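Numbering follows my numbering, in which position 14 of the sequence shown is assigned residue number 14; successive positions increment by one, without gaps.
Ideal Cβ placement from N, Cα and C applies to all residues, glycine included.
As the structure is a computational prediction, the values presented were derived from the model and not from experiment.
In what follows, a structure is listed as structure tokens, so that the remarks can point back to it.
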Amino acid sequence: MQSKIWTLETMKYSLAAWLLCSALICAETAVAQEDPKDIVPPAVRIAGYKCDNPVSVKPDPEHSAPDEKAWIIRCESGTYQVKFMGDTGATVKPISVR
Numbered sequence: 001m002q003s004k005i006w007t008l009e010t011m012k013y014s015l016a017a018w019l020l021c022s023a024l025i026c027a028e029t030a031v032a033q034e035d036p037k038d039i040v041p042p043a044v045r046i047a048g049y050k051c052d053n054p055v056s057v058k059p060d061p062e063h064s065a066p067d068e069k070a071w072i073i074r075c076e077s078g079t080y081q082v083k084f085m086g087d088t089g090a091t092v093k094p095i096s097v098r
């Protein structure tokens, strides 16, 4: 009888772990699908540059890596390269500032 209880307990924990992993994968996918126009301009402003009206935000595949996404953002005040590297925040490099 005790082996059946252990099996049920194991199944409960396995199901809970599976649900947690599924939720994390879904959350990560949702973040990855966010609009760059909602993410990149605030990173430029946090770095101390003005970017009130972004004109365009384009991926920068030349400077991107699997865990590092790079973008070129053109604002009314200038053009910047923004690179997101994991959980460390963004690095912003001015390309041309007006």
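### Message
Let's test the definition: count the other Cβ atoms within 10 Å of the Cβ of residue 69 and tell me whether it reaches 16, buried, or not, exposed.
### Response
So residue 69 counts as buried.
### Query
What are the residues that DSSP puts in a beta bridge with residue 58?
The partner list for residue 58 (beta bridge, DSSP) reads 72.
### Query
Would you report the Cα separation of residue 66 and residue 86, rounded to the nearest angstrom?
Computed Cα separation, rounded: 10 Å.
### Task
Out of 7, 91, 98, point me to the one whose CA is closest to residue 47's CA.
For the residues 7, 91, 98, the minimum Cα distance to residue 47 belongs to 91.
### Message
Cutting at 6 Å between CB atoms, please list the residues of its own chain near residue 40, excluding the five before and the five after it.
### Response
Cβ within range, chain order: 57, 71, 73, 82.
#### Entry: Sequence-distant residues of its chain with Cβ nearer than 6 Å to residue 50 (five each side left out)
The answer, listed in chain order, is 77.
### Query
Among residues of its own chain, excluding the 5 on either side of residue 53, which ones have a beta-carbon nearer than 7 Å to its beta-carbon?
Once the five neighbours on either side are set aside, the close Cβ partners of residue 53 are 75, 76.
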